[in-house]
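Chemist: The structure under discussion is supplied below as structure tokens; questions concerning it will follow.
There are 2 protein chains.
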Amino acid sequence: MAETTRQRQKRQTRERILEAARTLMAGGRGLDSLGLREVARESGLAATSLYNHFPDMDALGLALIDSCCFRLRSAMENERRSMIEIGPARAVKELVGRFVRYLNDYENDFRLLVQQRLGSHDRYRMRIQRELQLLVDELAEDVRQAVAAQGRDPVPAEQEAEAAIAIMFGAGISMLDNTVAARKVLADHACLQLEMMALGGRMMAQGVRL
Amino acid sequence: MAETTRQRQKRQTRERILEAARTLMAGGRGLDSLGLREVARESGLAATSLYNHFPDMDALGLALIDSCCFRLRSAMENERRSMIEIGPARAVKELVGRFVRYLNDYENDFRLLVQQRLGSHDRYRMRIQRELQLLVDELAEDVRQAVAAQGRDPVPAEQEAEAAIAIMFGAGISMLDNTVAARKVLADHACLQLEMMALGGRMMAQGVRL
DNA sequence: ATCTTTGACAAACAAGTGTTCGCTGAAAGA
DNA sequence: TCTTTCAGCGAACACTTGTTTGTCAAAGAT
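Chains as they are written, first to last, in the working numbering: chain A, 781 to 990; chain B, 781 to 990.
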């Protein structure tokens, strides 16, 4: 069934509201500090009109977070050119590269997600935690594939992935307060750290211990 | 010179204000959502009295953050029983152990720090970033000492420390939404991840590559 | 004992908050 | 063509916000 004019306009307005919220947060402001009237003003609507699109302020925030989760997933989605083909060193570089590109494009998304990961709002937190877990799982699967090709013990794959995400997000947080140019060196650091991690995982699977 | 009655009372009142703010944040609330009047009410003072202790609301927040930084430093301070003595595996366990104890004691401190690390307030952010950098530096020094005893190349010591902090903080964030009991398994994961990291660092220093 | 300092307070201000209600005009369905 | 639906709007409600001003009483200094 085709979309009626009404439906299309409503959808567009809704998008305009979310975009306005994004714009307001661009200066580094937190989601909590956004006011309904402020968002309404920025999107050129009356304050009350927002209630035609979101039942309350929380719903708006959740919609915003949802879209951020979606874009993070899309940006970090692996093309499944497995590590086996390109080798682990290049795989790390690709992973970090994707992440840096995401950060440059959607810096405020990332800020919002990391901020709200520990926000006061339970629904927001759970939504984000679930998303990050999916990210870890996906990466763990990649590690497991590469590992299987080497006949390694697959035990630490999840731990490796979890640590890798922690390292990358930590680097990302540092990058936020740096110029795009200075981020390159931070990205190199992250690569080195991830390589150490991968190397340690391989050795540990081979039975080497500290 | 001895402390006069006036000075003592003022100091105590100031402490009472900060303690009230802490109490209000105990439920997981963010610093941004705290109102001056709310803090005043909680500490049994008139709203205007807070201005006798802090020039404005931002100063109160900064004082709060400062005290959180101090407690984090105190809790994580190494007794300098170097890794050489106890071995890297036990060193990791001790590090994580200290961190978990800190987290159980000062959960809201940690929450506040991680939250405001990406907060909208520049002064807050920089204060926290500096503190975390000190933590990394300190840990890197420990790593370097252990490394020197083995005649290893000291290059990746800072990277190893940075990654280690990222891993531990990542684990800490996950722990926040879990019961104290369930945190033990997360702590074990963190230990494993840190061991992988240390192992990778050692191998890399020996020239082993991916 | 007198004078100065100062922490605590109440009142007030201008502006902000999220949300509800009743209305209007245009699009959708009959 | 007539009727229903509903996105957008202005007014209003009952708060809350950070901050300033002036007053008062207790502590410190002389």
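Cβ atoms here follow ideal geometry from the backbone N, Cα and C, with glycine treated the same way. All values reported here derive from a predicted model rather than from experimental measurement.
Within 10 angstroms of its Cβ, does M906/A collect 16 or more other Cβ (buried), or is it exposed?
Modeler: As a working mapping, residue 906/A is identified with position 126 in the first sequence. That one is exposed.
Chemist: Inspect the beta-carbon positions of Y882/B and A855/B and report whether they are closer than 8 Å.
Modeler: In the second sequence, residue 882/B corresponds to position 102, counting from 1. In the second sequence, residue 855/B corresponds to position 75, counting from 1. Yes. Within cutoff.
Chemist: Counting only runs that start and end within the region 807–887 of chain B, where is the alpha helix (DSSP H) found for 4 or more residues in a row?
Modeler: Whole alpha helix (DSSP H) segments, 4+ residues: 816–822, 837–856, 863–866, 868–885.
Chemist: In terms of alpha-carbon separation, which member of G952/B, A961/B, P835/B, E795/B lies closest to L942/A?
Modeler: By one-based count along the first sequence, residue 942/A stands at place 162. For clarity, residue 942/A is Glu in the given sequence; the question names Leu instead. That would be G952/B, whose Cα lies nearest to the Cα of E942/A.
Chemist: L972/A touches chain B at which residues, Cβ-Cβ below 8 Å?
Modeler: If you number the first sequence from 1, residue 972/A lands on position 192. Ordered by position in chain B, the residues that pass the 8 Å Cβ test against L972/A are P936, Q939.
Chemist: Look at the alpha carbon of A806/B and the alpha carbon of R794/B, and state the distance between them as a whole number of angstroms.
Modeler: Position 26 of the second sequence, counted from the first residue, corresponds to residue 806/B. Position 14 of the second sequence, counted from the first residue, corresponds to residue 794/B. Near 19 Å, if we compare the C-alpha coordinates of R794/B and A806/B.
Chemist: Output, in sequence order along the chain, the residues in the region 848–865 of chain A whose CB is closer than 7 Å to any CB in chain B.
Modeler: Residues passing the 7 Å Cβ filter: none.
Chemist: Does L875/A get closer than 8 Å to chain B when you measure Cβ to Cβ?
Modeler: The sequence position of residue 875/A within the first sequence is 95, counting from 1. Judged by the 8 Å Cβ criterion, L875/A is not in contact with chain B.
Chemist: Let me check understanding here. Comparing Cα to Cα, which of L915/B, G950/B, A937/B, R861/B lies closest to E940/A?
Modeler: As a working note, residue 940/A is residue 160 in the first sequence. Comparing Cα-Cα distances from E940/A to each of L915/B, G950/B, A937/B, R861/B, the minimum goes to G950/B.
Chemist: Out of Q787/B, L912/B, N888/B, L875/B, which one is the CA nearest neighbour of E799/B?
Modeler: Within the second sequence, numbered from 1, the residue matching residue 799/B stands at position 19. The residue with the shortest Cα to Cα distance from E799/B is N888/B.
Chemist: Closer than 8 Å between beta carbons: that is the criterion. Which residues of the region 912–924 of chain A meet it against chain B?
Modeler: Within the region 912–924 of chain A, no residue qualifies.
Chemist: The alpha helix (DSSP H) spanning L914/A covers which residue range?
Modeler: Counting from one through the first sequence, the residue named residue 914/A turns up at place 134. From DSSP, the alpha helix (DSSP H) with L914/A extends over 902–929.
Chemist: Would you tell me roughly how many angstroms separate the C-alpha atoms of A944/B and L875/B, rounded to the nearest one?
Modeler: On the second sequence, position 164 is the one that residue 944/B refers to. On the second sequence, position 95 is the one that residue 875/B refers to. If you take the alpha carbons of A944/B and L875/B, they lie about 10 Å apart.
Chemist: How about G810/A and D812/B: are their beta carbons less than 8 Å apart?
Modeler: The count along the first sequence starts at 1 and reaches residue 810/A at position 30. The count along the second sequence starts at 1 and reaches residue 812/B at position 32. Yes, the Cβ-Cβ distance between G810/A and D812/B is below 8 Å.
Chemist: Is the number of C-beta pairs between the region 908–919 of chain B and the region 956–969 of chain B that are closer than 8 Å three or more?
Modeler: Verdict: no, contact absent.
Chemist: For R809/A, would you say it is in contact with chain B, using Cβ-to-Cβ distances shorter than 8 Å as the test?
Modeler: Residue mapping note: residue 809/A aligns to position 29 of the first sequence, counting from 1. So, interface residue.
Chemist: Closest to E804/B by C-alpha separation, out of K790/B, V819/B, R796/B, would be which residue?
Modeler: Position 24 of the second sequence holds residue 804/B. In the sequence as displayed, the identity of residue 804/B is Leu instead of Glu. Closest by alpha carbon: V819/B.
Chemist: For A800/A and chain B, any beta-carbon pair shorter than 8 Å?
Modeler: The residue given as residue 800/A occupies position 20 in the first sequence. So no, A800/A is outside the interface.
Chemist: L990/A and L979/B look like a contact to me (Cβ under 8 Å); what is the Cβ gap, rounded to whole Å?
Modeler: The count along the first sequence starts at 1 and reaches residue 990/A at position 210. The count along the second sequence starts at 1 and reaches residue 979/B at position 199. About 6 Å; that satisfies the 8 Å criterion.
Chemist: What's the gap between the Cα of G987/A and the Cα of R851/A?
Modeler: On the first sequence, position 207 is the one that residue 987/A refers to. On the first sequence, position 71 is the one that residue 851/A refers to. Spanning the two alpha carbons is a distance of roughly 39 Å.
Chemist: Return no unless some Cβ of chain B is closer than 8 Å to the Cβ of R957/A.
Modeler: In the first sequence, counting from the first residue as 1, residue 957/A sits at position 177. Position check: residue 957/A holds Asp in this sequence, whereas Arg was assumed. Taking Cβ atoms only, chain B reaches closer than 8 Å to D957/A, which makes this a yes.
Chemist: Identify the continuous alpha helix (DSSP H) that holds C990/B and give its terminal residues.
Modeler: Locating residue 990/B in the second sequence gives position 210, counting from the first residue. Checking the displayed sequence, the identity of residue 990/B turns out to be Leu instead of Cys. That residue, L990/B, is in no alpha helix (DSSP H); it is neither H nor E in DSSP.
Chemist: Taking Cβ-Cβ distances shorter than 7 Å, what residues in chain B pair up with V988/A?
Modeler: Looking up residue 988/A in the first sequence gives position 208. Neighbours of V988/A on chain B, chain order: L979.
Chemist: Give the secondary structure of A782/A by DSSP, where H, G and I count as helix, E and B as strand, and everything else as coil.
Modeler: Taking the first sequence and counting its residues from 1, one reaches residue 782/A at position 2. DSSP places A782/A in coil when its eight states are reduced to three.
Chemist: Kindly give me the distance between the Cβ atoms of S829/A and R796/A, rounded to whole angstroms, as I take these residues to be in contact under 8 Å.
Modeler: Within the first sequence, the letter at position 49 stands for residue 829/A. Within the first sequence, the letter at position 16 stands for residue 796/A. Contact flag wrong, Cβ pair sits at about 11 Å.
Chemist: Cβ closer than 9 Å: which chain A residues qualify as neighbours of V894/B?
Modeler: Here residue 894/B is taken as the residue at index 114 of the second sequence, counted from 1. Near V894/B (Cβ distances below 9 Å), the residues of chain A are V894, R897, L898.
Chemist: Measure from the C-beta of D812/B to each C-beta in chain A and report whether the shortest distance is under 8 Å.
Modeler: Here residue 812/B is taken as the residue at index 32 of the second sequence, counted from 1. For D812/B, the answer is yes, since a Cβ of chain A falls inside 8 Å of its Cβ.
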